[in-house]
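**Q** First, the structure itself, so that you have it in front of you.
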Amino acid sequence: MSEYNPREIEKKWQDRWKKENIFKVEMDTKKEKYYILEMYPYPSGKLHMGHLRNYTIGDSFTRFKRMNGCNVLYPMGYDSFGMPAENAAIDEGANPEEWTDRNISIMKSQQKSIGLSYDWSREIYSHDPNYYHWDQWFFLKMLEKGLAYRQESYVNWCDKCVTVLANEQAQGGKCWRCNSDVEQKFLTQWFLKIRDYADELLDGLDTVEWPEKVKIMQRNWIGRSEGSIIRFPIVGEDRTIDIFTTRPDTLYGVTFMIFAPEHPWVRDWVKGTEYENEFEELYNEVMKEDKFKRTDLEAEKKGMFIGKYCINPMTKEEVPVYISNFVIYEYGAGAVMAVPAHDQRDFEFAKKYNIPIKIVIQPFDYEISVDKMTRAYEADGVLVNSEEFNGMANRNAINVITEKLDKMRMGNATVNYKLRDWGISRQRYWGCPIPVIYCNDCGTVSVPYEDLPVLLPKDVKFTGKGNPLETSESFINTKCPKCGKPGKRETDTMDTFIDSSWYFFAFCDPPRPEFEVFPYRKEVVNYWGNVDQYIGGIEHAVMHLIYARFFTKVARDLDLHKFDEPFQRLLTQGMINKAHPYCPKCDAFAMRAEMNDETCKRCGTKYVLKSVKMSKSYGNTVSPEEVVGKYGADAARFFILFGASPEKGLEWSDQGVSFAFKFVSGLWSLFLDSDMKKRSERNVNDELIEYQLHKTIQLVTENMNKIAIRDAINEIIQFVSNLRVYKINSVIEELFKSCQEYLLLLLHPFIPHITEELWEKTGHENLLSLAKWPDYNKDFITEENDYKWKLMNNTIDDIKSIVQVLKEKEINTIKLIIADEWKYDLFSIFMPLTEKTKNQGEIMKEIMKNDNMKKYGKEISKIIGNVLKNIGGYSKTLLDAKSEKQFFEDIKANVKQKFECEVEIFLEKEIDESKAKQALPGKPGIIIQ
RNA sequence: GCAGGAGUCGCCAAGCUUGGUAAAGGCGCUGGACUCAGAAUCCAGUCUCAGAGGAGUUCGGGGGUUCAAAUCCCCCCUCCUGCACCA
Numbered sequence: 008m009s010e011y012n013p014r015e016i017e018k019k020w021q022d023r024w025k026k027e028n029i030f031k032v033e034m035d036t037k038k039e040k041y042y043i044l045e046m047y048p049y050p051s052g053k054l055h056m057g058h059l060r061n062y063t064i065g066d067s068f069t070r071f072k073r074m075n076g077c078n079v080l081y082p083m084g085y086d087s088f089g090m091p092a093e094n095a096a097i098d099e100g101a102n103p104e105e106w107t108d109r110n111i112s113i114m115k116s117q118q119k120s121i122g123l124s125y126d127w128s129r130e131i132y133s134h135d136p137n138y139y140h141w142d143q144w145f146f147l148k149m150l151e152k153g154l155a156y157r158q159e160s161y162v163n164w165c166d167k168c169v170t171v172l173a174n175e176q177a178q179g180g181k182c183w184r185c186n187s188d189v190e191q192k193f194l195t196q197w198f199l200k201i202r203d204y205a206d207e208l209l210d211g212l213d214t215v216e217w218p219e220k221v222k223i224m225q226r227n228w229i230g231r232s233e234g235s236i237i238r239f240p241i242v243g244e245d246r247t248i249d250i251f252t253t254r255p256d257t258l259y260g261v262t263f264m265i266f267a268p269e270h271p272w273v274r275d276w277v278k279g280t281e282y283e284n285e286f287e288e289l290y291n292e293v294m295k296e297d298k299f300k301r302t303d304l305e306a307e308k309k310g311m312f313i314g315k316y317c318i319n320p321m322t323k324e325e326v327p328v329y330i331s332n333f334v335i336y337e338y339g340a341g342a343v344m345a346v347p348a349h350d351q352r353d354f355e356f357a358k359k360y361n362i363p364i365k366i367v368i369q370p371f372d373y374e375i376s377v378d379k380m381t382r383a384y385e386a387d388g389v390l391v392n393s394e395e396f397n398g399m400a401n402r403n404a405i406n407v408i409t410e411k412l413d414k415m416r417m418g419n420a421t422v423n424y425k426l427r428d429w430g431i432s433r434q435r436y437w438g439c440p441i442p443v444i445y446c447n448d449c450g451t452v453s454v455p456y457e458d459l460p461v462l463l464p465k466d467v468k469f470t471g472k473g474n475p476l477e478t479s480e481s482f483i484n485t486k487c488p489k490c491g492k493p494g495k496r497e498t499d500t501m502d503t504f505i506d507s508s509w510y511f512f513a514f515c516d517p518p519r520p521e522f523e524v525f526p527y528r529k530e531v532v533n534y535w536g537n538v539d540q541y542i543g544g545i546e547h548a549v550m551h552l553i554y555a556r557f558f559t560k561v562a563r564d565l566d567l568h569k570f571d572e573p574f575q576r577l578l579t580q581g582m583i584n585k586a587h588p589y590c591p592k593c594d595a596f597a598m599r600a601e602m603n604d605e606t607c608k609r610c611g612t613k614y615v616l617k618s619v620k621m622s623k624s625y626g627n628t629v630s631p632e633e634v635v636g637k638y639g640a641d642a643a644r645f646f647i648l649f650g651a652s653p654e655k656g657l658e659w660s661d662q663g664v665s666f667a668f669k670f671v672s673g674l675w676s677l678f679l680d681s682d683m684k685k686r687s688e689r690n691v692n693d694e695l696i697e698y699q700l701h702k703t704i705q706l707v708t709e710n711m712n713k714i715a716i717r718d719a720i721n722e723i724i725q726f727v728s729n730l731r732v733y734k735i736n737s738v739i740e741e742l743f744k745s746c747q748e749y750l751l752l753l754l755h756p757f758i759p760h761i762t763e764e765l766w767e768k769t770g771h772e773n774l775l776s777l778a779k780w781p782d783y784n785k786d787f788i789t790e791e792n793d794y795k796w797k798l799m800n801n802t803i804d805d806i807k808s809i810v811q812v813l814k815e816k817e818i819n820t821i822k823l824i825i826a827d828e829w830k831y832d833l834f835s836i837f838m839p840l841t842e843k844t845k846n847q848g849e850i851m852k853e854i855m856k857n858d859n860m861k862k863y864g865k866e867i868s869k870i871i872g873n874v875l876k877n878i879g880g881y882s883k884t885l886l887d888a889k890s891e892k893q894f895f896e897d898i899k900a901n902v903k904q905k906f907e908c909e910v911e912i913f914l915e916k917e918i919d920e921s922k923a924k925q926a927l928p929g930k931p932g933i934i935i936q
């Protein structure tokens with residue numbers, strides 16, 4: 008027998024698959040298509056365990072589907088625009104494009120080393136001009152349809168670095184490079200009207216098979232709420248502020264208005280007034296605040312009166328206008344009506360600034376008063392102080408008041424969404440340029456389609472200050488496509504979520520220079536699309552998955568394809584964790600530098616091991632490269648798939664990997680070590696192994712259809728251990744070989760290399776990768792076989808537990824006693840009864856109706872008591888006394904071998920011992936001597 | 001703050017959808033076989049008690065529903081994840 012050498016055989020089969028080009032797929036309307044996609048990676052430079060897990064899950068499922076006869080589309084590409092490349096340029100003077108290309112080639116070779124069965128001919132790179140050409144095309148189409156527009160919005164800004172900061176660069180309100188305070192700065196930016204699709208995005212969730220938690224997150228993110236718009240005229244001006252509220256029933260209780268400090272009207276109002284200085288101070292303070300903190304219910308509410316008044320459209324009263332940090336410009340109108348009596352935050356604000364409080368809702372069963380209130384009353388009640396609406400239940404008043412406002416043309420019912428339009432402008436170089444030119448005469452002008460793509464220029468400087476694109480004269484200065492006079496290009500690039508919003512369609516028909524009019528051919532995408540199974544991290548539950556859904560709907564409306572939803576089924580994989588030193592006293596994990604210490608540096612407490620997410624800062628990462636190098640790709644895949652269910656967290660453990668390796672290499676001897684006893688006469692073991700085999704095929708198939716990969720593998724492991732036992736005893740060669748063959752088919756999706764090698768070594772000439780998934784034979788999976796299998800194992804377990812209690816006594820003989828016939832009759836009456844009731848009295852009464860049971864009354868009562876106590880342990884009996892005896896005769900040899908002693912089988916009446924009386928159907932009496 | 005998820009033997013992890021033997025499987029540990037010895041492999045044990053297959057205790061904590069709860073309902077605690085977020 009040769010030795011298992013993973014490195015050698017993995018290379019061999021990877022080369023062979025590549026040479027024969029077996030994973031390349033073409034459109035074929037005669038075959039059932041299936042599209043499996045993993046979220047394409049950002050090429051950060053190295054594969055990490057999360058990637059390995061993602062791809063291993065996807066590849067196993069792909070191989071399973073392929074063996075089931077599907078025409079499987081399984082592509083790979085790279086989300087290659089993004090900040091790390093630009094940071095490398097700033098920090099190390101790297102060229103972003105070269106840096107990215109180099110990373111891609113490293114990652115690709117690592118991916119290839121784990122045997123993933125991609126159709127590599129369909130690769131996509133976001134930074135490929137042939138690809139981002141169509142980002143720009145989509146943008147222009149949206150501009151034409153009025154789905155793209157420009158608006159002011161604020162960004163994180165570091166004044167020292169003169170640059171915009173991403174949220175992750177502005178953590179804790181400090182700039183990551185220079186540690187100075189982050190401010191909020193207004194910039195004019197491009198937005199996409201995702202809100203136009205809000206309702207459809209909500210409804211579409213009912214048509215996809217996604218984890219319920221992801222759907223819930225998206226519903227909350229879209230945040231549809233029904234309410235009213237109420238128009239408050241502004242004193243001394245013609246305009247109104249149209250605020251949104253879900254509580255128009257409290258309109259009579261409005262005692263002031265609150266604007267967001269960054270609302271543009273506010274600055275105009277205070278300009279040149281006594282409020283100006285205080286406003287500027289407050290404004291600057293608020294602009295430095297963390298946005299989460301601002302809306303925290305517990306956070307300090309800061310505000311001021313700004314000398315302005317609005318008019319309550321219903322009462323015509325003038326109410327003062329305040330500004331406060333807890334009102335945010337982006338939501339609704341950027342201003343709210345304040346009802347201190349019935350809103351806790353308004354209440355706190357009013358108390359702090361001595362603003363009047365007016366109760367307009369009284370609880371149904373008691374009375375509240377302004378003097379005694381310690382918090383706002385937010386629950387339901389009856390309207391008071393509300394003129395004609397007094398006495399009305401507030402829930403009803405919501406509609407009635409809105410209708411009246413509508414008649415007065417001072418408001419209307421409306422639907423509001425938390426979902427905000429998608430700001431796509433980024434002040435960065437390494438992204439897709441927005442194809443727009445600004446002309447002094449013609450204004451904002453689209454780049455003509457025939458001039459696409461607008462290429463990223465190469466003559467840029469990476470200084471860490473400002474947008475590098477602004478340093479490229481050749482890029483900025485251009486001609487206006489309309490009038491031909493000098494114009495300036497937009498220097499903002501697109502959010503990289505744009506790239507990932509349609510790449511799944513591009514894989515169906517990858518972009519080529521010769522495509523001129525559309526990004527892909529409709530009939531090709533309609534064949535392959537949509538994605539049948541999408542696999543990726545839970546961290547994308549909201550943003551990426553909602554943007555991609557939005558793009559899908561926009562593209563459908565552009566008649567590019569027929570799909571409403573991009574991803575039919577979704578699997579969100581769990582994270583990878585690893586045990587790491589942890590100090591229970593400080594409640595902190597050791598950092599990278601301390602990870603080899605025994606005690607905590609801060610308090611001296613002894614570290615304990617605790618599981619935590621793998622990350623660079625803890626230094627507890629394990630590189631896939633290392634693991635594959637040491638144990639081989641198959642063992643690495645096996646560990647990852649068996650360690651935890653795909654959607655759960657997976658704990659990395661070195662022992663786990665070495666088990667995986669042992670299991671995989673153990674297959675080698677199971678298949679190739681031909682030392683075994685052969686026989687030609689069938690016995691009960693053949694029957695049982697056949698039953699096991701078909702049962703396993705059935706369970707593995709069912710589990711794989713659900714992508715319950717771990718459960719599938721678990722079944723296989725148990726079958727392998729049964730097959731080992733079968734082999735050690737004695738085999739019918741033909742049957743053993745067929746078990747081997749089936750086993751390779753079942754294992755192949757998970758560990759493709761070794762199975763392919765063993766397939767060849769056991770005499771097959773075709774490629775296992777292209778073999779057909781086995782069907783199971785229902786004839787073997789009978790209830791009777793199920794019952795026999797359990798009967799045998801339960802009996803052996805019982806013997807074991809008796810032997811254990813007996814401690815060291817030597818065993819000479821095991822007597823198995825089959826129960827008297829009347830007990831079988833009893834069970835056939837009794838077991839069906841337990842499905843109706845578990846009440847012993849009722850059951851006894853029912854049984855005693857049978858005359859031939861009466862004489863055993865006392866015994867029956869005892870039996871039934873015991874069985875009911877442990878009802879799950881007994882199943883419907885399927886054998887009568889005679890066939891049960893026969894079965895025990897059949898397995899006698901097995902028991903004999905197991906316990907190395909004599910085994911005798913008796914009928915209850917043949918033996919006169921009290922222990923014999925314990926015999927029950929499906930539970931023979933046992934006497935050990 | 002809002003939203004989502006998780007807590008089951010020493011460790012990892014099934015079971016929860018559909019209430020009915022809790023702990024499958026792996027790791028680790030203990031004993032045995034084989035070895036000069038170790039490694040590997042195989043066998044047995046691994047919540048507690050037990051000289052007969054039994055009894056008892058247990059699924060983060062506390063209540064409740066039920067003949068029966070890890071599973072269903074309510075409250076609380078701890079941990080993790082995401083965020084453009086109250087109107």
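Under my numbering, the first residue of the first sequence carries the number 8, and numbering increases by one thereafter. Don't be surprised by glycine CBs; every beta carbon is placed ideally from N, CA and C.
Specify, as a first and last residue, the run of the alpha helix (DSSP H) that F894 falls within.
**A** The sequence position of residue 894 within the first sequence is 887, counting from 1. From DSSP, the alpha helix (DSSP H) with F894 extends over A888 to F906.
**Q** Which residues share a DSSP beta bridge with E911?
**A** On the first sequence, residue 911 is found 904 positions in, with the first residue counted as 1. The partner list for E911 (beta bridge, DSSP) reads K822.
**Q** Let me know if D206 comes out buried or exposed under the rule of 16 or more other beta-carbons within 10 Å of its beta-carbon.
**A** Walking along the first sequence from the start, residue 206 turns up at place 199. Exposed: under 16 other Cβ atoms inside 10 Å.
**Q** So, G438 versus F198, is the Cβ gap smaller than 8 Å?
**A** Stepping through the first sequence from its first residue, residue 438 is reached at position 431. Stepping through the first sequence from its first residue, residue 198 is reached at position 191. In this structure, F198 does not lie closer than 8 Å to G438 by Cβ.
**Q** Taking buried to mean at least 16 other C-beta atoms within 10 Å of its own C-beta, is F371 buried or exposed?
**A** Taking the first residue of the first sequence as 1, we reach residue 371 at position 364. F371 is exposed by the Cβ-count criterion.
**Q** Mind checking P455: buried by the 16 CB within 10 Å criterion, or exposed?
**A** Counted from its first residue, the first sequence places residue 455 at position 448. Label assigned to P455: exposed.
**Q** Should the region 729 to 736 be regarded as contacting the region 679 to 697, the criterion being three or more beta carbon pairs within less than 8 Å?
**A** yes
**Q** Taking 8 Å as the threshold (C-beta atoms), are I250 and I241 in contact?
**A** Taking the first sequence and counting its residues from 1, the one referred to as residue 241 is at position 234. Taking the first sequence and counting its residues from 1, the one referred to as residue 250 is at position 243. No, the pair does not count as a contact, with Cβ atoms beyond the cut-off.
**Q** Report the three-state DSSP secondary structure of D782 (helix, strand or coil).
**A** The residue you call residue 782 lines up with position 775 of the first sequence. In the three-state reduction of the DSSP assignment, D782 falls in the coil class, being assigned neither a helical nor a strand state.
**Q** Please list, in chain order, all residues of the same chain as K830 whose beta carbon is under 7 Å from its beta carbon, the five residues on each side excluded.
**A** As a first step, residue 830 must be located in the first sequence, where it is residue number 823. So the list reads L927 and P928, once near-sequence residues are dropped.
**Q** Report yes if the C-beta distance between V461 and P442 is below 8 Å; otherwise report no.
**A** Along the first sequence, read from residue 1 onward, the residue named residue 461 stands at position 454. Along the first sequence, read from residue 1 onward, the residue named residue 442 stands at position 435. In contact: V461 and P442 (Cβ atoms closer than 8 Å).
**Q** If you draw a straight line from the C-alpha of N784 to the C-alpha of V707, how long is it?
**A** Here the question's residue 784 lines up with position 777 in the first sequence. Here the question's residue 707 lines up with position 700 in the first sequence. C-alpha separation (whole angstroms): 14 Å.
**Q** Within this structure, are the beta carbons of F356 and K308 separated by less than 8 Å?
**A** As a first step, residue 356 must be located in the first sequence, where it is residue number 349. As a first step, residue 308 must be located in the first sequence, where it is residue number 301. Against a cut-off of 8 Å, the Cβ pair of K308 and F356 comes out as a contact.
**Q** Can you tell me whether P363 is buried or exposed, with buried defined as 16 or more other CB within 10 angstroms of its CB?
**A** Working through the first sequence from its first residue, we reach residue 363 at position 356. P363 comes out exposed.
**Q** Confirm, please, whether the CB-CB distance from A548 to V221 is below 8 Å.
**A** For the purposes of this step, residue 221 is taken as residue 214 along the first sequence, with counting starting at 1. For the purposes of this step, residue 548 is taken as residue 541 along the first sequence, with counting starting at 1. Contact flag set, yes.
**Q** Cα separation between F193 and Y336?
**A** Here residue 193 corresponds to residue number 186 of the first sequence, with the count starting at 1. Here residue 336 corresponds to residue number 329 of the first sequence, with the count starting at 1. Cα-Cα distance, rounded: 12 Å.
**Q** When burial is assigned at 16 or more other CB atoms within 10 Å of the CB, is D275 buried or exposed?
**A** Position 268 of the first sequence, counting from 1, holds the residue named residue 275. Counting Cβ neighbours within 10 Å, D275 comes out exposed, since fewer than 16 surround it.
**Q** May I ask you to verify whether the region 769 to 782 touches the region 856 to 868, counting CB pairs closer than 8 Å and requiring at least 3?
**A** no
**Q** For P631, which three-state DSSP category applies?
**A** By one-based count along the first sequence, residue 631 stands at place 624. Secondary structure of P631 (DSSP, three-state): helix.
**Q** Roughly how many whole angstroms lie between the Cα atoms of I918 and I933?
**A** Taking the first residue of the first sequence as position 1, residue 918 is located at position 911. Taking the first residue of the first sequence as position 1, residue 933 is located at position 926. Their backbone Cα atoms lie some 12 Å apart in a straight line.
**Q** Hey, G473 and K486: beta-carbon distance below 8 Å or not?
**A** In the first sequence, counting from the first residue as 1, residue 473 sits at position 466. In the first sequence, counting from the first residue as 1, residue 486 sits at position 479. No, these two residues do not count as a Cβ contact at 8 Å.
**Q** The beta strand (DSSP E) that contains M344, what's its start and end?
**A** Counting from one through the first sequence, the residue named residue 344 turns up at place 337. Its beta strand (DSSP E) spans residues A342 to A345.
**Q** Thinking just about the alpha-carbon of each residue, which of W675, K795, S681 and R689 is nearest to the one in L754?
**A** The residue you call residue 754 lines up with position 747 of the first sequence. Checked all of W675, K795, S681 and R689; the closest Cα to L754 is W675.
**Q** Could you have a look at C182 and say whether DSSP puts it in helix, strand or coil?
**A** On the first sequence, residue 182 is found 175 positions in, with the first residue counted as 1. Of the three classes helix, strand and coil, the one that applies to C182 here is coil, per DSSP.
**Q** State the start and end residues of the unbroken alpha helix (DSSP H) segment that holds I870.
**A** Start at 1 with the first residue of the first sequence, and residue 870 comes out as number 863. From DSSP, the alpha helix (DSSP H) with I870 extends over G864 to K876.
**Q** When you compare the CB positions of D809 and I935, do they come within less than 8 Å of one another, or not?
**A** Sequence index remark: in the first sequence, residue 809 carries index 802 (1-based). Sequence index remark: in the first sequence, residue 935 carries index 928 (1-based). In the sequence as displayed, the identity of residue 809 is Ile instead of Asp. Cβ atoms of I809 and I935: closer than 8 Å.
**Q** Taking the straight line between their C-alpha atoms, what separation do you get for I97 and D350?
**A** Position 90 of the first sequence, counted from the start, is the residue given in the question as residue 97. Position 343 of the first sequence, counted from the start, is the residue given in the question as residue 350. Distance between the alpha carbons of I97 and D350 is about 49 Å.
**Q** Do W127 and E763 have their C-beta atoms within less than 8 Å of each other?
**A** Taking the first sequence and counting its residues from 1, the one referred to as residue 127 is at position 120. Taking the first sequence and counting its residues from 1, the one referred to as residue 763 is at position 756. No, these two residues do not count as a Cβ contact at 8 Å.
**Q** How about the region 511 to 523 and the region 74 to 93: do they share at least three Cβ pairs that are nearer than 8 Å?
**A** yes
**Q** Please report the straight-line C-alpha distance between G656 and M582, rounded to a whole angstrom.
**A** Translated into positions along the first sequence, residue 656 becomes position 649. Translated into positions along the first sequence, residue 582 becomes position 575. Using only the alpha carbons, I get a separation of about 5 Å.
**Q** Does the region 384 to 404 touch the region 412 to 419, meaning 3 or more C-beta pairs lie closer than 8 Å?
**A** no
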